[in-house]
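Take 58 as the starting number for the sequence shown in our numbering and just add one per residue. For every residue, glycine included, the Cβ atom is placed at its ideal position computed from N, Cα and C.
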Amino acid sequence: MRFRLVMLSLVSLLSACGFHLRGMGQSTPLAFASLHLQAPLTGLGEALQRQLSLRPDLTLLPANAAEASLVVDSESVDKQILTVNKSGRVVEYQLVYRARFHLSQSGRDWIAPTELTLRRDYSFDESNVLGKAAEEKALLRDMHHDAAQQIIRRLAALKPQAAPATPVPGK
58 MRFRLVMLSL
68 VSLLSACGFH
78 LRGMGQSTPL
88 AFASLHLQAP
98 LTGLGEALQR
108 QLSLRPDLTL
118 LPANAAEASL
128 VVDSESVDKQ
138 ILTVNKSGRV
148 VEYQLVYRAR
158 FHLSQSGRDW
168 IAPTELTLRR
178 DYSFDESNVL
188 GKAAEEKALL
198 RDMHHDAAQQ
208 IIRRLAALKP
218 QAAPATPVPG
228 K
């Protein structure tokens, strides 16, 4: 009985302070209600498609019907040697993921071409090549997810663009 009371009070405290798991609470509203996503069907394109389609305040539409257009211009992955042991064998690699994107509305850039760079290090073991290849794939999947989250946070940080001021006649 005491355990239940403690758990109930903890749940009440957490819900009262507004705590929620990432992606489960209210999302920051975007400055536009419809968006066209132009991205290759790679890891980032799929992650963006999935995460944007989960937003209740946004509709993905074709380019001619959307208020804004998010374009993923390029993406690349580089695998660099990070450290070697005394016999010259690779001990650690670093994955460097770069994605370049921009957001335009009515032919004007709302977010200028921007490059995201994500880095992940992982150790390499010659006796476990298959396991390390799977780890590399998992790291790339996580990097695509993280890049999509960063892009969406940048979209959420935008404020609606004001209409151009019209001069008042006679003044």
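Through-space distance from residue j to residue i, alpha-carbon basis
{"i": "residue 164", "j": "residue 152", "result": "35 angstroms"}
{"i": "residue 88", "j": "residue 215", "result": "6 angstroms"}
{"i": "residue 65", "j": "residue 85", "result": "29 angstroms"}
{"i": "residue 176", "j": "residue 102", "result": "19 angstroms"}
{"i": "residue 63", "j": "residue 217", "result": "45 angstroms"}
{"i": "residue 189", "j": "residue 200", "result": "16 angstroms"}
{"i": "residue 192", "j": "residue 205", "result": "20 angstroms"}
{"i": "residue 108", "j": "residue 145", "result": "43 angstroms"}
{"i": "residue 46", "j": "residue 124", "result": "Limits of the chain in this structure are 58 at one end and 228 at the other, which puts residue 46 out of reach."}
{"i": "residue 194", "j": "residue 186", "result": "12 angstroms"}
{"i": "residue 112", "j": "residue 166", "result": "23 angstroms"}
First through last residue of the alpha helix (DSSP H) which encompasses residue i
{"i": "residue 110", "result": "100-110"}
{"i": "residue 194", "result": "186-214"}
Other residues of its chain near residue i: CB distance less than 6 angstroms, five sequence neighbours each side excluded
{"i": "residue 135", "result": "153"}
{"i": "residue 202", "result": "104"}
{"i": "residue 132", "result": "101, 156"}
Residues of its chain near residue i, where Cβ-Cβ distance is below 8 angstroms and the 5 sequence neighbours each way are ignored
{"i": "residue 198", "result": "100"}
{"i": "residue 95", "result": "120, 126, 127, 128, 129"}
{"i": "residue 58", "result": "none"}
{"i": "residue 106", "result": "94, 96, 117"}
{"i": "residue 174", "result": "153, 154, 155"}
{"i": "residue 162", "result": "89, 124, 125, 126, 218"}
{"i": "residue 110", "result": "117"}
Nonlocal neighbours in the same chain, by C-beta distance under 7 angstroms from residue i, ignoring five residues either side
{"i": "residue 168", "result": "159, 160, 211"}
Terminal residues of the beta strand (DSSP E) in which residue i lies
{"i": "residue 136", "result": "125-141"}
{"i": "residue 166", "result": "165-180"}
{"i": "residue 157", "result": "147-162"}
{"i": "residue 91", "result": "91-95"}
Cβ separation of residue i and residue j, assumed to be a contact under 8 angstroms, to the nearest whole Å
{"i": "residue 157", "j": "residue 170", "result": "6 angstroms"}
{"i": "residue 90", "j": "residue 115", "result": "7 angstroms"}
For this session: Count the CB pairs spanning the region 144-151 and the region 172-192 that are closer than 8 angstroms, and state whether there are at least three.
Result: By the Cβ rule, the region 144-151 counts as touching the region 172-192, because three or more pairs are nearer than 8 angstroms.
Exercise. Using 8 angstroms as the Cβ pair cut-off and three pairs as the minimum, do the region 138-147 and the region 114-126 touch?
Worked result: Below 8 angstroms, too few C-beta pairs join the region 138-147 and the region 114-126 to call them touching: fewer than three.
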